[in-house]
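Peer 1: To start, I am sharing the structure in question, which I have written as structure tokens.
2 protein chains.
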Amino acid sequence: MTDEPVDGKVGATCAIVDVWELLGRRWSLHILKNLSTKDVIRFNELKRSLAGISSTVLSERLLELEREGLVTKKIYPEVPPRVEYSMTVQAKELEVIIKELARWANKWRRPDGLKTAAIAAQKK
Amino acid sequence: MTDEPVDGKVGATCAIVDVWELLGRRWSLHILKNLSTKDVIRFNELKRSLAGISSTVLSERLLELEREGLVTKKIYPEVPPRVEYSMTVQAKELEVIIKELARWANKWRRPDGLKTAAIAAQKK
DNA sequence: CCGTATCCCCTCCGATACTG
DNA sequence: CAGTATCGGAGGGGATACGG
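Listed in order, the protein sequences are those of chains A and B.
The opening position of the first sequence corresponds to residue 8 in the working numbering, with each subsequent residue numbered one higher.
The opening position of the second sequence corresponds to residue 8 in the working numbering, with each subsequent residue numbered one higher.
Structure below.
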């Protein structure tokens, strides 16, 4: 499916799995969503837009995203400090794909209970 | 980004986030990948193809995937029991998107350490 | 063959407090 | 303002044992 290279090791990293796991963590997707609404955004501004997130986690997520090349961080040596975050080109390409995924998700969204329906179908 | 409806509640479910979290769990993507290689597949056959997974987890994942409408389960009332799993149409559509994602992931794959490079760039 | 039941560790993440 | 340090609870998932 993903055409994993299948090099010797079992745990051989598959790029997509890494990304998927990162973005599967809590808040990741929301952060990306909010970043996409503005060219640049500051830490606390972002934090305010994500009701419920803690500084700790936001900071952690941003670091991960930066590490993956999805987010750029620009520090201005001022007092008080100013730091601006923005999406990279890479992330903007990803955004397109995520939107397709969102379309897919909504297309197939169920009112609430497919499970019972599926079981009913099975019983025939 | 995903055009979340923003209905009253904070935890208002966004379809894509649900899906992403499910598929972000361990093995989910691999299971889908293996399912895509055959029309139908049996439990232990699938298990053998996923080196390291336990019955417990495989069973759990399959239940979740079935619940999300990505997998169909067909039980044959035989002895010994036979159960066949297969992907739904919905999952096959998803597969297309995942492949795009895989292409994206490989396009941007880094040798190993972007982090240091990013920091260096920042310092200029 | 196809699972469920248990136990247990370990990572994730929220809350809180504190710094440059 | 923009974070880091620390702690503790919750739950994901591995190992093992057992059942229809």
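C-beta atoms are modelled at their ideal positions from N, C-alpha and C, and glycine is treated no differently.
All values reported here derive from a predicted model rather than from experimental measurement.
(1) Give the interface partners of R117 (chain B) over in chain A, defined as CB-CB distance under 8 Å, in chain order.
(2) Could you run through the stretch 21-50 of chain B and flag, in chain order, every residue whose CB is less than 9 Å away from some CB of chain A?
(3) Opposite V78 (chain A) in the DSSP bridges: which residues?
(4) Quick one, which residues of the stretch 81-104 of chain B are near chain A if we go by CB-CB under 8 Å, in chain order?
(5) Would you say E52 (chain A) lies against chain B (beta-carbon separation less than 8 Å)?
(6) Counting only Cβ pairs nearer than 8 Å, list the residues of chain B close to L65 (chain A).
(7) Exposed or buried, what is A112 (chain B) when buried is set at 16 or more other beta-carbons lying within 10 Å of its beta-carbon?
(8) Kindly say whether L108 (chain A), judged by its beta-carbon, lies nearer than 8 Å to any beta-carbon of chain B.
(9) Between the beta-carbon of V78 (chain B) and the beta-carbon of L42 (chain B), is there less than 8 Å?
(10) What is the rounded straight-line gap between the Cα of I82 (chain A) and the Cα of L57 (chain A)?
(11) Could you work out which residue in A:V24, A:V64, A:D25 and A:K114 is closest to R33 (chain A) when comparing CA atoms only?
(12) Is R49 (chain A) helix, strand or coil by DSSP?
(13) Measuring only the C-alpha atoms, how far is K40 (chain A) from P84 (chain B)?
(14) Express the C-alpha separation of L101 (chain B) and M94 (chain B) in angstroms, rounding to a whole number.
(15) Is the beta carbon of I48 (chain B) closer than 8 Å to that of E91 (chain B)?
(16) Are the beta-carbon atoms belonging to I1 (chain A) and E107 (chain B) less than 8 Å from one another?
(17) In three-state terms, what does DSSP make of R89 (chain B)?
(18) Quick check: what's the CA-CA separation for W115 (chain A) versus S35 (chain B)?
(19) Assign L72 (chain B) to one of two classes, buried (16 or more other C-beta atoms within 10 Å of its C-beta) or exposed (fewer than that).
Peer 2: Taking the geometry as given:
(1) For the purposes of this step, residue 117 (chain B) is taken as the residue at position 110 of the second sequence. In chain order, G76 make up the part of chain A whose C-beta sits under 8 Å from the C-beta of R117 (chain B).
(2) Listed by position along the chain: C21, A22, I23, V24, D25, V26, W27, E28, L29, L30, G31, R32, R33, S35, L36, H37, L39, K40, N41, L42, S43 and T44.
(3) Translated into positions along the first sequence, residue 78 (chain A) becomes position 71. DSSP output for V78 (chain A) lists A:M94 as bridge partner(s).
(4) Within the stretch 81-104 of chain B, the residues whose Cβ lies closer than 8 Å to some Cβ of chain A are K81, I82, Q97, E100, L101, E102 and I104, listed in chain order.
(5) In the first sequence, the residue the question calls residue 52 (chain A) occupies position 45. Interface annotation, E52 (chain A): not in contact with chain B, CB-CB separation never under 8 Å.
(6) In the first sequence, residue 65 (chain A) corresponds to position 58, counting from 1. For L65 (chain A), there are no C-beta contacts with chain B under 8 Å, since the nearest C-beta of that chain is about 16 Å from it.
(7) Here residue 112 (chain B) is taken as the residue at index 105 of the second sequence, counted from 1. Its Cβ being crowded by 16 or more others within 10 Å, A112 (chain B) is buried.
(8) Walking along the first sequence from the start, residue 108 (chain A) turns up at place 101. Yes, because at least one Cβ of chain B sits closer than 8 Å to the Cβ of L108 (chain A).
(9) Position 71 of the second sequence, counting from 1, holds the residue named residue 78 (chain B). Position 35 of the second sequence, counting from 1, holds the residue named residue 42 (chain B). Contact: yes.
(10) Here residue 82 (chain A) corresponds to residue number 75 of the first sequence, with the count starting at 1. Here residue 57 (chain A) corresponds to residue number 50 of the first sequence, with the count starting at 1. Their Cα atoms are separated by approximately 21 Å.
(11) As a working mapping, residue 33 (chain A) is identified with position 26 in the first sequence. Nearest C-alpha to R33 (chain A): A:V64.
(12) Your numbering for residue 49 (chain A) matches position 42 in the first sequence. Of the three classes helix, strand and coil, the one that applies to R49 (chain A) here is strand, per DSSP.
(13) On the first sequence, position 33 is the one that residue 40 (chain A) refers to. On the second sequence, position 77 is the one that residue 84 (chain B) refers to. K40 (chain A) and P84 (chain B): Cα-Cα distance of roughly 48 Å.
(14) By one-based count along the second sequence, residue 94 (chain B) stands at place 87. By one-based count along the second sequence, residue 101 (chain B) stands at place 94. C-alpha separation (whole angstroms): 10 Å.
(15) Numbered from its first residue, the second sequence carries residue 91 (chain B) at position 84. Numbered from its first residue, the second sequence carries residue 48 (chain B) at position 41. In terms of Cβ geometry, E91 (chain B) and I48 (chain B) form a close pair [threshold 8 Å].
(16) Not covered by the structure: residue 1 (chain A). The range shown for chain A is 8 to 131.
(17) Taking the second sequence and counting its residues from 1, the one referred to as residue 89 (chain B) is at position 82. Here R89 (chain B) sits in strand by DSSP.
(18) As a first step, residue 115 (chain A) must be located in the first sequence, where it is residue number 108. As a first step, residue 35 (chain B) must be located in the second sequence, where it is residue number 28. When rounded, the distance between both Cα atoms is 18 Å.
(19) As a position in the second sequence, residue 72 (chain B) is number 65, starting the count at 1. Burial call: buried.
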